[in-house]
Amino acid sequence: MTMHYVEANGARIPAIGLGTWDLRGRACARVVEQALRLGYRHIDTAEMYGNEREIGEGLRASGVRRDEVFVTTKVWQDHLAPAEFERATKESLVRLRLSDVDLLLIHWPSPRIPLAETLGALCRMKQAGFARHIGISNFTVPLIEAAVKLATEPLVTNQIEWHPYLDQSKVAAACRRHGLSVTAYSPIARGRAAGDAQLRLIGLHHRKTAGQVSLRFLIQEGAIVIPRTSRLERLEENMTIFDFELDAAEMEEIRKLANARGRVVEWPGSPKWD
Ligand SMILES: NC(=O)c1ccc[n+]([C@@H]2O[C@H](COP(=O)([O-])OP(=O)(O)OC[C@H]3O[C@@H](n4cnc5c(N)ncnc54)[C@H](OP(=O)(O)O)[C@@H]3O)[C@@H](O)[C@H]2O)c1
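When the sequence shown is numbered by the numbering used here, its final residue is 918 and no position is left out of the sequence of numbers.
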């Protein structure tokens, strides 16, 4: 498969990556190794997932060169004060056994720590060479605007929940305005989209599964997708999404699935910043 990329503020990010939340231990290392052997070139992890050690093991076992893989990790909400942020970043690198990551994200904004302090720390991690690129995750439109003003280094992505049941057009437009890409997490709505009758019907026309339609929809909306699977046979299914195209009517039909109760991931704490 030819890898497709999304370019954003100086970064070139593989349009599909492997999500790894909830993958643990040897099984996690195996899935990562197999994904890389199949052609995945982008792995998404976080200190909070408790699997960075295994991600590093899978990466090394795959035999794929380090500079061919785009590795993202994230600093958790409890570590957003500057000294903590730096410590957490370095600890992630030690667990991954890498000298840098391709992308370092603020995992969730915190209403307790001033954004200016966290953004300063994030930019310093790039300047110190621990991260080639930096970005944000779960940032709303007002927070994106604030972050862009505060950052002294370019932000390249906002990683947010996005799938057919959630309308993220406003957040995506704000990202686009500032040159950030959008990385869609839970892109098959934690499995729900894979069982959707309407998506399945659209997929029949293209000889694709409902899960592939969900991922393709997001790609055509301009997003990067990071589906997770623990099953080796689904790795290939999820990456085979660049050999068909949804037409305008199909895209519109899928957009109509969005609704106010579409979120599948709970936000930690109350989103006072919204
Ligand atoms: N930044 C953040 O705050 C944040 C939050 C949530 C997630 N994320 C990232 O985004 C990644 C993906 O999101 P997610 O894990 O929440 O959900 P997801 O990728 O939408 O869905 C994963 C679920 O769907 C199933 N699945 C995967 N491929 C399938 C297919 N082709 N057909 C049917 N079922 C399929 C998987 O089961 P099997 O394992 O049985 O295949 C798993 O239960 C995460 O792993 C993580 O890296 C980031």
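The beta-carbon is built from N, C-alpha and C at its ideal position, and this holds for glycine as well.
Which value, in whole angstroms, describes the spacing of the CA atoms of residue 852 and residue 649? The count along the sequence shown starts at 1 and reaches residue 852 at position 208. The count along the sequence shown starts at 1 and reaches residue 649 at position 5. Residue 852 and residue 649: Cα-Cα distance of roughly 22 Å.
Which term fits residue 771, buried or exposed, when burial requires 16 or more other beta carbons within 10 angstroms of its beta carbon? Walking along the sequence shown from the start, residue 771 turns up at place 127. Exposed is the call here.
Buried versus exposed call for residue 685 [16 or more other C-beta atoms within 10 Å across all chains shown]: Start at 1 with the first residue of the sequence shown, and residue 685 comes out as number 41. Buried, because 16 or more other Cβ atoms sit within 10 Å of the Cβ of residue 685.
Three-state secondary structure (DSSP) of residue 786: Reading the sequence shown from its first residue, position 142 is the one you call residue 786. DSSP places residue 786 in helix when its eight states are reduced to three.
When you compare each of 812, 776, 797 and 796 to residue 785 by their alpha carbons, which one comes out closest? Position 141 of the sequence shown holds residue 785. For residue 785, the nearest C-alpha among the options comes from 812.
If you scan the segment 810-879 from start to end, which runs of the alpha helix (DSSP H) of 4 or more residues do you find wholly inside it? 813-821, 841-850 and 854-864
What residue range is occupied by the uninterrupted alpha helix (DSSP H) comprising residue 734? Stepping through the sequence shown from its first residue, residue 734 is reached at position 90. 726-740 is the extent of the alpha helix (DSSP H) around residue 734.
Does the distance from the CB of residue 885 to the CB of residue 908 come in under 9 Å? For the purposes of this step, residue 885 is identified with residue 241 of the sequence shown, where counting begins at 1. For the purposes of this step, residue 908 is identified with residue 264 of the sequence shown, where counting begins at 1. Not in contact: residue 885 and residue 908 (Cβ atoms no closer than 9 Å).
Spatial neighbours of residue 918 within its chain, please: C-beta separation below 7 Å, excluding the five flanking residues on both sides. Taking the first residue of the sequence shown as 1, we reach residue 918 at position 274. Reliability of the predicted coordinates at residue 918 is poor, the pLDDT of 36 falling under 50, and the value obtained from them is presented with this limitation in mind. Cβ within range, chain order: 784.
For residue 664 and residue 671, the rounded distance between their alpha carbons: Here residue 671 refers to the residue found at position 27 of the sequence shown. Here residue 664 refers to the residue found at position 20 of the sequence shown. Distance between the alpha carbons of residue 671 and residue 664: 11 Å.
In angstroms with no decimal places, state the Cα-to-Cα distance between residue 653 and residue 797. The residue labelled residue 653 in the question sits at position 9 within the sequence shown. The residue labelled residue 797 in the question sits at position 153 within the sequence shown. Whole-angstrom Cα-Cα distance: 10 Å.
Along the alpha helix (DSSP H) that carries residue 675, what are the first and last residues, could you check? Numbered from 1 along the sequence shown, position 31 holds the residue referred to as residue 675. 669-682 is the span of the alpha helix (DSSP H), which, as asked, contains residue 675.
Do the segment 713-721 and the segment 745-759 meet, that is, are 3 or more Cβ pairs less than 8 Å apart? yes
Alpha carbons only, please: which of 776, 894, 732 and 755 is nearest the one belonging to residue 656? What you label residue 656 is simply residue 12 of the sequence shown in a count that begins at 1. Closest by alpha carbon: 776.
Outcome for residue 676 when other beta-carbon atoms lying within 10 angstroms are tallied against a minimum of 16: Position 32 of the sequence shown holds residue 676. By the neighbour-count rule (16 or more Cβ atoms within 10 Å), residue 676 is buried.
From residue 848 to residue 856, what does the alpha carbon distance come to, in whole angstroms? Taking the sequence shown and counting its residues from 1, the one referred to as residue 848 is at position 204. Taking the sequence shown and counting its residues from 1, the one referred to as residue 856 is at position 212. In a straight line, the C-alpha of residue 848 is about 11 Å away from that of residue 856.
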